[in-house]
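Numbering-wise (our numbering), the sequence shown opens with residue -14 and increments by one. Beta carbons are placed, not taken as given, at the ideal position from N, Cα and C, and that holds for glycine. Only one structure is covered here, and it is reproduced in the block below.
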Amino acid sequence: QVHLVESGGGLVQPGGSLRLSCSASGSIASYYNLGWYRQAPGSERELVASIFNRGPTMYADFAKGRFTISLYMNTVYLQMNSLKPEDTAVYFCNFRDVVAGGEYWGQGTQVTVSS
-14 QVHLVESGGG LVQPGGSLRL SCSASGSIAS YYNLGWYRQA PGSERELVAS IFNRGPTMYA
46 DFAKGRFTIS LYMNTVYLQM NSLKPEDTAV YFCNFRDVVA GGEYWGQGTQ VTVSS
């Protein structure tokens, strides 16, 4: 079992920045992926960015150049810059055990970009 604790959401003006964090604890696999997804009202959940503990990162096209994902000690960070109103959504942390196939979700954190 893996437990995820998210923090860092909130209200920010267009053009502003936020940093989300998600700490994973419990049965952490030796090879895993931690990522951020988001879901806006009336929309499907979509990938924002993800990172493997052994290397590569992946970004959605809308995130490239504005968002940066990083990983340190089983905690994943999402630095979001130049935020736009369309970035408003609930952001969810996701943990995937690459070897065993388990998947876990955080409770979600609201990000609102509005003037």
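Beta-carbon proximity of residue i to residue j, cut-off 8 Å
| i | j | result |
| --- | --- | --- |
| Tyr22 | Glu31 | yes |
| Ala34 | Leu56 | no |
| Gly20 | Val(-13) | no |
| Gly0 | Ser99 | no |
Cβ shell of residue i (< 6 Å), same chain only, five flanking positions each side left out
| i | result |
| --- | --- |
| Gln95 | Gly(-6), Val75 |
| Phe37 | Asn18 |
| Gln42 | For clarity, residue 42 is Thr in the given sequence; the question names Gln instead. Same-chain partners within the cutoff: Ile36, Ile54. |
| Gln24 | Arg30, Ala74, Val75 |
| Ala48 | Val33, Ala34 |
| Thr97 | Leu(-4), Thr73 |
Nearest-angstrom beta carbon gap, residue j and residue i [assumed within contact, 8 Å]
| i | j | result |
| --- | --- | --- |
| Ser(-8) | Thr60 | Ser(-8) to Thr60, Cβ: 10 Å. No contact. |
| Phe101 | Gly93 | Outside the displayed range of the chain (-14 to 100) lies residue 101, so it cannot be described from this structure. |
| Phe80 | Leu(-11) | 6 Å |
| Asp82 | Ala14 | 4 Å |
| Met65 | Ser8 | At roughly 18 Å, the Cβ-Cβ gap does not stay under 8 Å, so Met65 and Ser8 are not in contact. |
Same chain, Cβ closer than 8 Å to residue i, five either side skipped, listed in chain order
| i | result |
| --- | --- |
| Ser28 | Ala74 |
Local conformation of residue i per DSSP, three classes
| i | result |
| --- | --- |
| Glu88 | strand |
| Asp72 | helix |
| Ser12 | coil |
| Val83 | coil |
| Arg4 | strand |
Counted within 10 angstroms of its Cβ, other Cβ atoms place residue i as buried (16 or more) or exposed
| i | result |
| --- | --- |
| Met58 | exposed |
| Gly91 | buried |
| Val84 | exposed |
| Leu(-4) | exposed |
Heavy atom of the ligand NAD within 7 Å of residue i beta-carbon
| i | result |
| --- | --- |
| Lys49 | This structure lacks the ligand NAD; in fact it carries no ligand of any kind. |
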